[in-house]
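Numbering follows the numbering used here, in which position 61 of the sequence shown is assigned residue number 221; successive positions increment by one, without gaps. For every residue, glycine included, the Cβ atom is placed at its ideal position computed from N, Cα and C.
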Amino acid sequence: MLMQSAKPLGELENPSEFLARHIGIDGQDEVHMLGVIGSTSRRELVDGIVPRSIARKSAMAIPSPVTEAAALRQLKAIASKNKVFKSFIGQGYYGTYTPGVILRNILENPAWYTAYTPYQAEISQGRMEALINFQTMVCDLTGMPIANASMLDEATAAAEAMTLARRSVKSKSNVFIVAGDCHPQTIEVIQTRARPLGIEVKVSTAAVTVPQLMAQGNYFGVLAQYPATTGSIHDLRPLAGQAHIDGAALCVAADLLALTLLTPPGEWDADIVLGNTQRFGMPMGNGGPHAAYLACRDEFKRSLPGRLVGVSVDVHGNPTYRLALQTREQHIRREKATSNICTAQVLPAVIASMYAVYHGPQGLKRIAERVATYTAIFVRGLQELGYEITNAGAFDSVTVKTGDATDLIAGRARSAGANLRFRLKNHLGVSLDETTSRSDIELLWSFFAADGQTLPVVSAFERGVESLIPADLRRSSPFLSHPVFNTHHSETGMLRYIRMLSDKDLALDRSMIPLGSCTMKLNATSEMIPITWPEFANIHPFAPADQLRGYAELDQQLRDWLCQATGYAGISLQPNAGSQGEYAGLLIIKAFHEAQGQGHRNICLIPSSAHGTNPASAQMVGMTVVVTACDAQGNVDMADLKAKCEQHSEKLACVMITYPSTHGVFETHVKELCQMVHAHGGRVYVDGANMNALVGVAAPGEFGGDVSHLNLHKTFCIPHGGGGPGVGPVCVVADLVPYLPGHATAGLPVNGVGAISAAPLGNAAVLPISWMYCRMMGPEGLQQATEVAILSANYISARLKDHYPTLYASENGHVAHECILDLRPLKETSGVTAEDVAKRLIDYGFHAPTLSFPVAGTLMVEPTESETLDELDRFIDAMIAIRQEIRRIEQGEWPQDDNPLKAAPHTAASLLKGEWKHAYTRDVGAAILSTTQHAKYWPPVGRVDNVYGDRNLFCSCVPMSDYA
């Protein structure tokens, strides 16, 4: 009897176990797919697609893979190097409790965190209802009539408020006045944003001295903090009146929890209100992700940047939600766009809105009153100890004059595991929050007490302590009166409400989302686990550096690995969205030219096929966009580019390209393109949106790129979360490393480019996701992911070629990691549009591919490496079934205005109603393929009327029955 030879121990340990879990295609599947494509091997396929002139010469120097368990152990060891202190720093970041029902069922639930941006309204009703709740919460608490669906962070929101004010008021001035007691990181980001736009930022010493600057006239806007970063509560009402007399706008950075007790800015005629919702259930996370907000007066609403969820109706007359107005205006208006913001902080916004739903108005007010009462008690005790409080009123923060004892007091706090805030010279700041307890107050007093001094006790002040909120600024108006904020206060009720909303949506936990250019790949559970570890979650971004050593190591390792993946010399992880990475990259190029005495270089060449954020970002840094042509195959027209380079040689700053191209093709002349631009003194910006087709096979920093941004929320597995959070690192070659974004507030040097984000590491709390992905995949795994993504896209293109031709391909007929299906001829033969096909795919249980971008009338499909062959075939079968339906229209069996595509998507209610008047049967409308046992998804609404929604704009909660 033959004995089976034992397997080597190394094979049994299987350090590459995660590879087979991330990549959905196995060896047998690959053989089948290559046969359909007509290639002999994956190597042969990839070598025939990626130009040999740009192929990597050496492997990425990234550590070999380890198992999921080993990676988690290693990351835990890194996390343990962070010191979790009790934070009393404030400055816009506070301790908070994430209700368990929200933590488990939203933040840790793939039904919420794997959803895509709600561009397809019919399959996004759940998350859009949560965002409507967010907008309503902001409007109610600020007293403003309209708010958007979140911003990237408070500092970015303030910068957007500045430019919103500039384009909305009568004043033609270029001066923006900022109160010096705004959060310092906000002031810094505003200064970064203002500089290239020619805006002069004048910073006063504090809000009380702002009138002195206003008295000089010649300004278009004012920003003040309410309460101030010092804790003071200033009466800002006179500023509003004076600003309006001067034809300017008053912007107010307001704390939403404080607004449950303070008179809201909308009630004293503020024009724009902004702030953060971090303390509504999102951990500090070393700075993010958190949902900021931006609200404005009604007259400004059509210039409001960011996303806006509005109410409309569907084809059946039922009220529905949809993205409204300028939600993709940076794509539509391009260099004329007013902002490059194309994402938001949807998942944190959903959490903040659910925090308000769960607690309700009374619960929020009770939390705020507890904070305010603790603050008043703390101040009483400090006064007994002989300290002077410099605040003018207080909600949660106080500034204490500590004189020569400053370092001693701060040192005592650190020894006890607590952080205070250094404020000016000889002052300390203390901020309280939802997590503050009686013992915290008594601990704080112990830091300030002199040796032998008797400590106050909280119980001595329990009765009769008035809050320090000025009497004439106390809120009297109701808020959050809508039933949604007054219904779901039991955990059972809240759980069912969350489940009801998630059931309406289509996310990656149900099916593939084949969006081109968006890379909706697996967000593995093991990658997601660390983000809620206390060692990562409960860290203040401005804590002392010795408490952030774990984050520093994580930052360094991830940057090293990303440099290996991209071929660049240096990277900053600060930008907290791809749009911000683009913006930072162009600022770096601008700063470089200025340092070389070439500040006049301001021409940015951008191909006509580029993402809309490219020209929007260029105009934001003060560059002039010149569009270059594309040829019939969708490639950059090299002759036109050469002519434009020669025409603008003296002023050429850069070219922005996407590689592989936005058309899903590896252009063969990319090295020549880079050399041409360099010869004229320009730099090459390579948009990293399609990096999922490059990792391991080609590196932009090696083939001629000077700057790129990456989308960690695409290629490196941070989930989209319904449209945010994200991370958009900016990567540069060696001579541009000195110009990477700095952060003076955090003590990081600034060499031409200041802070891009409020926090020095941006959305730091989600960086462990990408670390885990790289650590578990290793260099070979990352390259295999790229190659399988290319394989899967070519498989879809090959299987669908007889039904929907691929619009652009290389000379050998292949595509990169995505393919554009040309549906334009169908309109002539059947009346069917690409949008009809997109809506019909919902009936088959799929999110539509990217619709009409970059070419109108097309669908751009990207399958990603994570999808199984069964799922790819299910999508292909659905597309073929839809093409067969179109043929029945072409043959006259169904009218062009009454067929399953024009009526799609079909709700269960529409199929079950008694009378059926369509030319096709109910079972055809239901679109259940016999080849699959996949669970049927029923859209909650029919096709949404977009025009109605924009003409009848309504963007906050209203009883749907009343609206209808």
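Burial state of residue i, where buried means 16 or more other Cβ atoms lie within 10 Å
i, result
"residue 415", "buried"
"residue 865", "buried"
"residue 282", "buried"
"residue 474", "buried"
"residue 1057", "exposed"
"residue 989", "exposed"
"residue 196", "exposed"
"residue 873", "buried"
"residue 597", "exposed"
"residue 806", "exposed"
"residue 1027", "buried"
"residue 487", "Model confidence at residue 487 stands at a pLDDT of 47, short of 50, so the residue's coordinates are unreliable; what they give is reported in the following sentence. Counting Cβ neighbours within 10 Å, residue 487 comes out buried, since at least 16 surround it."
"residue 444", "buried"
"residue 972", "exposed"
"residue 660", "exposed"
"residue 375", "exposed"
"residue 1044", "exposed"
Boundaries of the beta strand (DSSP E) in which residue i is found, first to last residue
i, result
"residue 982", "979-982"
"residue 362", "360-363"
"residue 410", "409-414"
"residue 1019", "1018-1021"
"residue 805", "Looking at the DSSP string, residue 805 is not in any beta strand (DSSP E); the run it does join, the alpha helix (DSSP H), is 798-807."
"residue 784", "784-788"
"residue 816", "812-818"
"residue 436", "432-436"
Selected residue, minimal CA-CA separation from residue i, among the options
i, options, result
"residue 944", "909, 170, 166, 183", "183"
"residue 829", "916, 169, 214, 990", "214"
"residue 200", "930, 951, 738", "951"
"residue 991", "430, 377, 1049", "1049"
"residue 221", "724, 642, 1105", "724"
"residue 420", "672, 779, 787, 629", "629"
"residue 103", "376, 721, 394, 377", "No answer is possible for residue 103: it lies beyond the span of the chain, which begins at 161 and ends at 1124."
"residue 632", "552, 647, 1060", "552"
"residue 1060", "1004, 575, 664", "1004"
"residue 871", "295, 569, 715, 503", "503"
"residue 1077", "1090, 803, 1063, 615", "1063"
"residue 142", "928, 919, 890, 309", "Lying before the first or after the last residue shown, residue 142 is absent from the chain, which here runs from 161 to 1124."
"residue 887", "605, 744, 963, 794", "744"
"residue 546", "614, 377, 820", "614"
"residue 370", "399, 819, 353", "399"
"residue 387", "556, 289, 430", "556"
Distance between beta carbons of residue j and residue i, contact taken as under 8 Å
i, j, result
"residue 336", "residue 306", "That belief does not hold up - the Cβ atoms of residue 336 and residue 306 are roughly 22 Å apart, past 8 Å."
"residue 975", "residue 953", "5 Å"
"residue 320", "residue 465", "5 Å"
"residue 601", "residue 618", "5 Å"
"residue 675", "residue 1010", "5 Å"
"residue 695", "residue 363", "Their Cβ separation, rounded to whole angstroms, is 36 Å, which puts residue 695 and residue 363 out of contact at 8 Å."
"residue 956", "residue 1023", "6 Å"
"residue 977", "residue 949", "4 Å"
Cβ shell of residue i (< 8 Å), same chain only, five flanking positions each side left out
i, result
"residue 993", "983, 986, 987, 1017"
"residue 1124", "With a pLDDT of only 39 at residue 1124, under 50, the local geometry of the prediction cannot be trusted, and the value read off the model is given with reservation. For residue 1124, where only same-chain residues beyond five positions count, the Cβ hits under 8 Å are 473, 477, 478, 479."
"residue 638", "521"
"residue 755", "899, 912"
Residues near residue i in its chain [Cβ-Cβ closer than 6 Å; skip 5 each side]
i, result
"residue 1107", "none"
"residue 311", "317, 452, 454, 466"
"residue 343", "251, 252, 389"
"residue 620", "none"
"residue 300", "639, 640"
"residue 331", "380, 407, 408"
Residues near residue i by beta carbon distance below 7 Å, same chain, minus five either side
i, result
"residue 789", "768, 797, 800"
"residue 147", "Absent from the structure is residue 147, since the part of the chain shown begins at 161 and ends at 1124."
"residue 235", "690, 928, 931, 932"
"residue 1070", "476, 1102"
Residue i - containing alpha helix (DSSP H), residue span
i, result
"residue 519", "506-544"
"residue 345", "344-354"
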